[in-house]
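Just so we're aligned: 263 in the numbering used here is position 263 of the sequence shown, and the numbers increase by one with no gaps anywhere. Built from N, CA and C at the ideal position, the CB exists for glycine as well. All values derive from a computational prediction rather than experimental measurement. Let me begin by presenting the structure, written as C-alpha cells, before commenting on it.
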Amino acid sequence: MRSKGIKNSVILSIVAVLVTLQATAQNPVSRGWVADNGDGTYTNPIIHADYSDPDVVRVGNDYYMTASSFNCSPGLPVLHSKDLVNWELIGYALERIVPVDVFSVPQHGNGVWAPCIRYHNNEFYIYYPDPDFGIYMIKAENAKGPWSEPILVKGGKGLIDPSPLWDDDGKVYLTYAFAGSRARIKSVLMVTELNSEGTTVIGKDVMVFDGHDENPTVEGPKFYKANGYYYLFAPAGGVSTGWQLVLRSKNVYGPYQVKTVMTQGDTEINGPHQGAWVDTPSGEHWFIHFQDKEAYGRIVHLNPMKWENGWPVIGIDEDGDGIGDPVLTYKKPDVGQTYPIVTPPESDEFSGSQLGLQWQWQANLHLSYGFPSGNLGFFRLNCIVRPESDGLWEVPNLLLQKFPAEEFTATTKLTFTARTPNEEAGFVIMGEDYQYISLRQLEDKLLIRTVKCENARNGGDEKELFADDFTGNEVYFRISVKEGAICNFSYSTDGQNYKTAGLDFAAKPGRWIGAKIGYFALREGITNDSGTVDIDWFRITK
1 MRSKGIKNSV ILSIVAVLVT LQATAQNPVS RGWVADNGDG TYTNPIIHAD
51 YSDPDVVRVG NDYYMTASSF NCSPGLPVLH SKDLVNWELI GYALERIVPV
101 DVFSVPQHGN GVWAPCIRYH NNEFYIYYPD PDFGIYMIKA ENAKGPWSEP
151 ILVKGGKGLI DPSPLWDDDG KVYLTYAFAG SRARIKSVLM VTELNSEGTT
201 VIGKDVMVFD GHDENPTVEG PKFYKANGYY YLFAPAGGVS TGWQLVLRSK
251 NVYGPYQVKT VMTQGDTEIN GPHQGAWVDT PSGEHWFIHF QDKEAYGRIV
301 HLNPMKWENG WPVIGIDEDG DGIGDPVLTY KKPDVGQTYP IVTPPESDEF
351 SGSQLGLQWQ WQANLHLSYG FPSGNLGFFR LNCIVRPESD GLWEVPNLLL
401 QKFPAEEFTA TTKLTFTART PNEEAGFVIM GEDYQYISLR QLEDKLLIRT
451 VKCENARNGG DEKELFADDF TGNEVYFRIS VKEGAICNFS YSTDGQNYKT
501 AGLDFAAKPG RWIGAKIGYF ALREGITNDS GTVDIDWFRI TK
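This is how it looks when you write it as C-alpha cells:
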C-alpha cells in the first residue's frame, strides 16, 4: 500500500510539472521579476510594474484586478489570478478613452484615475474617475469583455476614486474623494446614493470623513460591508509617504470611527497605499496595494490581513500596537492547490494578428499609427507628422510598455524604410525626462543617434548625445536598465556585437506613471506616403 501511495505521489508530481511547463510555454514567465518563490512563499512586490491604484475582486476561485491607466490607451487593464500572487494580463476594459476627441492627443496625467472593480448579479462593474469630467461606469458579463461603453454616473470636475456598495436592502451607494488640483478641495470622503442600476445619482452628497487635521490627503476609499459595519478602506498622507486607514460605522452616512491599520514602519516599503481587501474561500484575508517606486511606477504588493476586535490589521504587527507593517516575503495564500507561475507579458515576437497586451499608446489609437502584419511576423509603425513642439511629449503614436523589473535588458530588431528626408524611428525610455536611440534619414545619408530631453513636460529641448553614419536599414537596439533605473543605450549591426551610444540615462517617471519603454516613428512635412519601421521582435532578458 505504501509503495502504491509513493507511486501515485510521483505521478501527481510529474503531472504538476507538465502542467506548469505547458502553462509556461503558453505564457512565458518574466525574465526580470517573479514573485512566486516556488516553495510556498512569495516575495513582494507581486508585480514589479506600474499597475497604479490596484483594485481586486474575487469571483468564486478567481481573482480579477484593474488599475489606473491615465492617458494610456487601451485603458483599464484587467488581470486574472488564481492565487493572488501569479497574475496574467487578460485584456483591457476601455478600448478608447472618452471623450474620444479629447484623448486623440496625449493628455499626460489625465484620463483614467483610480478605478474600482466589483461583481454583482453575475456582471462585472468598473467605476472609474476622470478628474476633468466625472465618474464613469462600465460593465461586462465576462472580465475579458466585451465591456459596455462608459456611462457618466456623476459629472463634475475633481471627483475621483469612486467605489460602489450594493447594500443588503437593495440600495446602492457610492463613495468618492476629491482631487485638489481640480476641485480646489481635498482630504474629505463623500457618500451618495445611486439608483438600483448604479447608473446615476439619486441621493444627496454627504461628507462622512474629514481628514484635514490628522489624515491629510485622505483619498482612494473602497467601500465594504461586513459584520454589521460599513467599512471604508482609505489611504492618507500622500502617495510616497502615507499610511492606510480603515473607517467603520453602523450607518452608511456615519459617524465613522477611524483607525490606522498599516504604515511603513521600519520597512523600505514606503507609503503603503490604496488597494483592495479580498478573501479566499478558505477564510483568509488579504490586502493588495501599491508602493510608489519613482521611475518604476507604483508597483503592486500583497499583505496578509487579520481581524482584531472588528478592525483589520494589515501586514505584520510585531509590536502589538494594532498597526501592521508590510511584509517582504511571506507564505502564499491558501487557495487549496498550487497553480503555475504566471506573470504579465513582456517580450514580443510580433508574430500574431494582434498587438501584444503589454503595449499601450499615448493617446487613442488611430489606424495610421501602425498595425500587425499577421503571418509576416512584424509590427509596422508608420512615421506620422512630428508635432510642432518637436519633442516626444506630444507624440500620440508612442508604442510603450511598463518597466517589468528593477533590472532588465531590452533588445529589439528593427527594419527602417525611409521615404523622405527627416523621417526617424527610435527606441525610447519615456518619462518627464526621456532618452532615445534612433535611425534618422537625412538628405544624403542615414544617421544613428542618441538624444536626451530633460523636463519634457515644460518644453525642455532635445540634445543630441551621439551621432554616427549608418549603412543599411536593419539595426539591433539595446537598452540595459540597472538598479536605480540607470539606462545604457547601445546598437548592433549583427545582433552580436553592441556599441554604446551616448551617456547613461537616469529614467524619470511620467505624469503620475512610471517610466516606459518602447518605440516611435516620425517625419517632418506631409506627403502621400510615409516611411515605416518594422519591429521584428522585442525581448526582455535579465
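Residue range of the unbroken alpha helix (DSSP H) whose run includes residue i
{"i": "ALA220", "result": "According to the sequence as given, residue 220 is Gly; it is not Ala. First-last for GLY220: undefined, no H or E at that position."}
{"i": "ALA425", "result": "Premise fails: ALA425 lies in the beta strand (DSSP E), 424-430, not in any alpha helix (DSSP H)."}
{"i": "GLY180", "result": "180-183"}
Member of the options whose CA lies at the smallest distance from the CA of residue i
{"i": "ALA93", "options": "ASN251, GLU149, VAL56, GLY370", "result": "GLU149"}
{"i": "ASN71", "options": "PRO106, PRO45, VAL59, VAL57", "result": "PRO106"}
{"i": "PRO221", "options": "ASN227, ASP213, PHE209, ARG511", "result": "PHE209"}
{"i": "PHE223", "options": "MET262, ASP161, PHE489", "result": "ASP161"}
{"i": "GLY237", "options": "TYR230, THR263, TYR253", "result": "THR263"}
{"i": "ASP167", "options": "PRO131, HIS120, GLY158", "result": "HIS120"}
{"i": "LYS250", "options": "ILE269, THR260, LEU232, GLY228", "result": "GLY228"}
{"i": "GLU284", "options": "TYR519, GLY459, ARG58", "result": "ARG58"}
{"i": "TYR491", "options": "LYS482, ARG511, PHE470, ALA485", "result": "PHE470"}
{"i": "ASP321", "options": "VAL102, PHE233, SER187, LYS259", "result": "LYS259"}
{"i": "VAL100", "options": "ALA114, LEU365, ARG182, GLY203", "result": "LEU365"}
{"i": "LYS204", "options": "ASP529, GLY502, THR192", "result": "THR192"}
{"i": "LEU381", "options": "ILE535, GLU349, VAL451, TRP393", "result": "ILE535"}
{"i": "ASN37", "options": "GLU423, SER52, LYS445, LYS332", "result": "LYS332"}
{"i": "ALA363", "options": "ILE486, ASN142, GLY109", "result": "GLY109"}
{"i": "GLN291", "options": "GLY275, LYS306, MET305, PRO255", "result": "GLY275"}
{"i": "SER104", "options": "LEU398, PRO255, PRO146", "result": "LEU398"}
{"i": "ARG419", "options": "CYS487, ASP529, THR450, ALA410", "result": "ASP529"}
{"i": "PRO235", "options": "THR411, ALA177, MET207", "result": "ALA177"}
{"i": "SER351", "options": "TRP361, GLY377, GLN360", "result": "GLY377"}
{"i": "ARG449", "options": "THR500, GLY431, GLU141, LYS482", "result": "THR500"}
Whole-Å CB distance - residue i paired with residue j, under 8 Å assumed
{"i": "ASP468", "j": "CYS453", "result": "Wrong, their Cβ atoms sit about 20 Å apart, outside the cutoff."}
{"i": "ILE545", "j": "ILE517", "result": "Any property of residue 545 remains undetermined from this structure, which presents the chain solely from 1 to 542."}
{"i": "LYS413", "j": "GLY472", "result": "Not quite, the Cβ-Cβ distance comes to about 13 Å (not below 8 Å), so this is no contact."}
{"i": "PHE489", "j": "ILE437", "result": "5 Å"}
{"i": "VAL395", "j": "TRP311", "result": "The pair is not a contact, with the Cβ atoms about 49 Å apart (cut-off 8 Å)."}
{"i": "PRO387", "j": "ILE47", "result": "About 33 Å; that fails the 8 Å criterion."}
{"i": "ILE314", "j": "GLN244", "result": "6 Å"}
{"i": "THR241", "j": "ASN270", "result": "7 Å"}
{"i": "VAL29", "j": "ILE341", "result": "5 Å"}
{"i": "MET137", "j": "ILE151", "result": "5 Å"}
{"i": "GLY211", "j": "VAL201", "result": "The Cβ separation is near 23 Å, so there is no contact."}
Cβ-Cβ distance between residue i and residue j below 9 Å
{"i": "PHE408", "j": "ARG96", "result": "no"}
{"i": "THR66", "j": "PRO54", "result": "yes"}
{"i": "VAL628", "j": "HIS289", "result": "Residue 628 is absent from the structure shown; the chain starts at 1 and stops at 542."}
{"i": "LEU189", "j": "TYR173", "result": "no"}
{"i": "TYR339", "j": "ASN86", "result": "yes"}
{"i": "ASN44", "j": "ASN303", "result": "yes"}
{"i": "ALA35", "j": "TYR296", "result": "no"}
{"i": "THR41", "j": "TYR330", "result": "yes"}
{"i": "GLU462", "j": "GLY391", "result": "yes"}
{"i": "GLY156", "j": "LYS293", "result": "no"}
{"i": "TYR128", "j": "LYS139", "result": "no"}
{"i": "ILE165", "j": "VAL252", "result": "Just to set this straight, residue 165 is Leu in the shown sequence, not Ile. It is a contact, given that the beta carbons lie within the stated cut-off."}
{"i": "LEU357", "j": "LEU84", "result": "no"}
{"i": "TYR63", "j": "VAL278", "result": "yes"}
{"i": "GLY426", "j": "TYR519", "result": "yes"}
{"i": "ASP130", "j": "VAL112", "result": "yes"}
{"i": "VAL153", "j": "GLY170", "result": "no"}
{"i": "VAL335", "j": "THR280", "result": "yes"}
{"i": "THR417", "j": "THR532", "result": "yes"}
{"i": "SER353", "j": "TRP537", "result": "no"}
{"i": "ASN458", "j": "LEU442", "result": "no"}
Cβ of residue i within 9 Å of any chain B Cβ
{"i": "ALA179", "result": "Among the chains in the structure shown there is no chain B, since it carries only a single protein chain."}
First through last residue of the beta strand (DSSP E) which encompasses residue i
{"i": "ASP292", "result": "285-292"}
{"i": "THR155", "result": "Checking the sequence, you will find Gly at residue 155 rather than Thr. Element bounds for GLY155: 151-155."}
{"i": "TYR253", "result": "Looking at the DSSP string, TYR253 is not in any beta strand (DSSP E), and its letter there is neither H nor E."}
{"i": "LYS306", "result": "298-308"}
{"i": "PRO235", "result": "229-236"}
{"i": "GLU88", "result": "88-94"}
{"i": "GLU120", "result": "Inspection of the sequence shows that residue 120 is occupied by His rather than by Glu. Start and end: 116-120."}
{"i": "PRO372", "result": "370-372"}
{"i": "PRO77", "result": "75-81"}
{"i": "THR329", "result": "329-331"}
{"i": "ASP161", "result": "159-166"}
query = Hey, is the segment 395-407 in contact with the segment 459-479, meaning 3+ C-beta pairs nearer than 8 Å?
reply = Pairwise C-beta distances place the segment 395-407 out of contact with the segment 459-479, as fewer than three of them are shorter than 8 Å.
query = Counting Cβ pairs, one atom from each stretch, are 3 or more of them under 8 Å apart for the segment 498-513 and the segment 521-528?
reply = No contact exists between the segment 498-513 and the segment 521-528.
ask   = On the three-pair Cβ rule with 8 Å, is the segment 313-328 touching the segment 371-384?
value = Between the segment 313-328 and the segment 371-384, the count of C-beta pairs closer than 8 Å stays below three; the two stretches do not touch.
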